[in-house]
Amino acid sequence: MIGTNVYISQETQESLIKAAALKQISVEELASSILKESIPEKLGQISYDSENQGKFATNPLVKMQPYAYLADPNEPVISPDDWEMNQNLEENNL
770 MIGTNVYISQ ETQESLIKAA ALKQISVEEL ASSILKESIP EKLGQISYDS
820 ENQGKFATNP LVKMQPYAYL ADPNEPVISP DDWEMNQNLE ENNL
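The number in this note's numbering is simply the position in the sequence shown, starting from 1, with 769 added.
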């Protein structure tokens with residue numbers, strides 16, 4: 770059960786008190802029963818089933834496994850040929 774504060778007007782409070790007195794139940798019990806009936810009625814048209822999931826963007830990575838780094842840590846990331854080519858370009862630009 771969730772406890773919460775609900776703010777209602779003074780007029781509604783008085784009506785709730787009178788109705789609870791007529792039914793000979795507590796105001797809290799009456800308010801709970803009213804909410805129990807009206808929430809599904811008001812929010813019943815909102816369904817969170819699979820047909821509505823198509824309306825929202827889905828994460829394309831949901832069913833994928835985490836990336837595994839398969840390179841050998843002892844191998845250089847840049848091949849020696851590329852490294853030399855880059856070094857030569859830097860030296861020529863200086």
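The beta-carbon is built from N, C-alpha and C at its ideal position, and this holds for glycine as well.
Your pair L785 and V796 checks out as a contact, with CB atoms roughly 6 Å apart and the cut at 8 Å.
Spatial neighbours of A788 in its own chain (CB-CB distance under 8 Å, excluding positions within 5 residues in sequence) are listed in chain order as L799.
P849 carries a helical assignment under DSSP once its states are collapsed to helix, strand and coil. Secondary structure at N861: helix, using DSSP grouped into helix, strand and coil.
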